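2 protein chains.
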Amino acid sequence: MNYEKSNKTLTEYQAHKLREIVDSIVTCCNDKRTYTKEKFGIPYAEITCLLLFKGERYLTVKDLAVKMEVAKSRITKIIKGLMAKGLVEKIEDPKDNRVKLLSLTPNGYKKIEEIEKFRLEIHKKLINNIDPHERGKLFYYLDKLIESMQLVKEELLK
Amino acid sequence: MNYEKSNKTLTEYQAHKLREIVDSIVTCCNDKRTYTKEKFGIPYAEITCLLLFKGERYLTVKDLAVKMEVAKSRITKIIKGLMAKGLVEKIEDPKDNRVKLLSLTPNGYKKIEEIEKFRLEIHKKLINNIDPHERGKLFYYLDKLIESMQLVKEELLK
DNA sequence: CATTAACAGTTTACAACATGAACTATGAAA
DNA sequence: TTTCATAGTTCATGTTGTAAACTGTTAATG
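Chains D and X, in that order, give the protein sequences.
Here the first sequence stands for residues -3 to 154, numbered as in our numbering.
Here the second sequence stands for residues -3 to 154, numbered as in our numbering.
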């Protein structure tokens, strides 16, 4: 019996299986992204940006760049799109003329509500397909997975 | 006691938590994508395309468009990149002059091996961080999650 | 106080990813 | 033999994103 070899094969099989599972989760999320973007007729980056205004009166270009982890120049463009659609407006910061304060328009608030409603709905459906008694365990194992992903990531970047 | 209301809140909390977990998986995968692309100095779409040649002697533009689920014109561009890097070559199909047969060059084979080695390594690390006795359950719950995601997706597209 | 640093935001040029329509050329069917 | 289908390319366009150079403005420092 070649225990070592069969054990190696098992690990490789499991590694492969894990890759396929994670891939299919990612693919599914990208499909959801495409669907959302088409449903609301707004590029997805603009939707992401818009939702960051939830619970915030004012945000600056820099705030958004940090939150979205993209370059400031990207935010300039996204905000241009949102302003053209009348969802966001821009005023000067009375205390610092360098800064521009961005905030939602009434239509922006409405749009966020619509999008949030839709998002909550699909995530509720997602969780309702899982037996309530199994949810705790699902979260437990997902946390394990994420923990492992974080570890691998840190090791790579080290 | 307001059972119904607290139950609703619990569902919403769980829906929200699930969203956050899935988001962090997707983010992590995107980071891996970026890392891979930089490590090998090849755009990720070209890497994906290249790996599709694993175990295939010849592939056509159409084959690749179907496998990658993108427009043919996208494949034309990706193949241009791979040919410029000397990883893929193109010959005429002797049986049908419309068709171009794409295949790996020796360097292409080498590159695939490198990429596959790297990928297997990180996925092994990923699985090795999980207690061997818990892997079965992890897969079980991940399958449940994917099943649910598929159901929600089908309902949306219906 | 004047110069220099740092900061906020924009513009521009570029690259990667992706589609759709128009086009060329070939093969198959009527 | 005309017509239709197929394979692949080109071109125009849109989305996502970066980096560098630039304009103003504020803050720090000699």
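Where is the CB? At the ideal position from N, CA and C, for every residue including glycine.
Nothing here was measured: the structure is a model prediction, and the numbers come from that model.
Review point. For chain X, is any of its Cβ atoms less than 8 Å away from the one on residue 24(D)?
Key: yes
Exercise for review: Check whether the Cβ of residue 46(D) lies closer than 8 Å to any Cβ atom in chain X.
Suggested key: no
Review point. Would you report the Cα separation of residue 135(D) and residue 120(D), rounded to the nearest angstrom?
Key: 15 Å
**Study point:** Boundaries (first-last residue) of the alpha helix (DSSP H) holding residue 89(X)
**Key:** First-last for residue 89(X): 84 to 89, but that is the beta strand (DSSP E), not the alpha helix (DSSP H).
**Study point:** Residue closest to residue 67(D), alpha-carbon to alpha-carbon, out of 41(D), 149(D), 84(D)
**Key:** 41(D)
Check your understanding: Looking at residue 14(D) and residue 122(X), is the spacing between their C-beta atoms short of 8 Å?
Key -> yes
Point to revise | DSSP state of residue 95(D) mapped onto helix, strand, coil | key: coil
Point to revise | Beta-bridge pairing of residue 100(X) - partner residues as DSSP gives them | key: 84(X)
Practice item. Determine the burial state of residue 153(X): buried for a count of at least 16 other Cβ atoms within 10 Å of its Cβ, exposed for fewer. Key: exposed
Point to revise | Residues, ordered as in the chain, of the stretch 2 to 18 of chain D that lie near chain X by beta-carbon distance below 8 Å | key: 7, 8, 10, 11, 12, 13, 14, 15, 17, 18
Review point. Which residues mark the beginning and the end of the alpha helix (DSSP H) in which residue 51(D) is found?
Key: From DSSP, residue 51(D) is part of no alpha helix (DSSP H); its letter is neither H nor E.
Exercise for review: Could you please give the first and the last residue of the uninterrupted alpha helix (DSSP H) stretch that includes residue 142(X)?
Suggested key: 128 to 153
Review point. What's the gap between the Cα of residue 6(D) and the Cα of residue 31(D)?
Key: 37 Å
Practice item. Report the residues of the stretch 132 to 151 of chain D with a CB closer than 9 Å to any CB of chain X, ordered along the chain. Key: 133, 134, 135, 136, 137, 138, 139, 140, 141, 142, 143, 144, 145, 146, 147, 148, 149, 151
Review point. Comparing alpha-carbon positions, which option in 36(D), 75(D), 90(D), 144(D) lies nearest residue 112(D)?
Key: 36(D)
Check your understanding: Around the Cβ of residue 131(D), are there at least 16 other Cβ atoms within 10 angstroms (buried) or fewer (exposed)?
Key -> buried
Exercise for review: Just confirm the distance between the C-beta atoms of residue 21(X) and residue 38(D), as a whole number of angstroms; I'd bet it's less than 8 Å.
Suggested key: No, residue 21(X) and residue 38(D) are not in contact; Cβ-Cβ is about 24 Å, not under 8 Å.
Review point. Nearest to residue 105(X) by CA position, among 16(X), 8(X), 43(X), is which residue?
Key: 43(X)
Practice item. Classify residue 66(X) as helix, strand or coil using the three-state DSSP reduction. Key: coil
Review point. What residues from the stretch 96 to 117 of chain X come within 8 Å of chain D, judged by C-beta to C-beta, listed N to C?
Key: 115, 116
Practice item. Return no unless some Cβ of chain D is closer than 8 Å to the Cβ of residue 129(X). Key: no
Review point. Closest Cβ-Cβ distance between residue 93(X) and chain D: below 8 Å?
Key: no
Exercise for review: Drop a sphere of 10 angstroms on the beta-carbon of residue 76(D), count the other beta-carbons inside from all chains shown, and report buried for 16 or more, exposed for fewer.
Suggested key: exposed
Exercise for review: State the DSSP-derived secondary structure class of residue 118(D), mapped to helix, strand or coil.
Suggested key: helix
Review point. So, do the stretch 88 to 102 of chain X and the stretch 92 to 100 of chain D have three or more beta carbon pairs nearer to each other than 8 Å?
Key: no
Check your understanding: Using a C-beta to C-beta distance shorter than 9 Å, which residues of chain X count as neighbours of residue 122(D)?
Key -> 11, 14, 15, 18, 141, 144, 145, 147, 148
Exercise for review: Using beta-carbon positions only, say whether residue 48(X) and residue 63(X) come within less than 8 Å of one another.
Suggested key: yes
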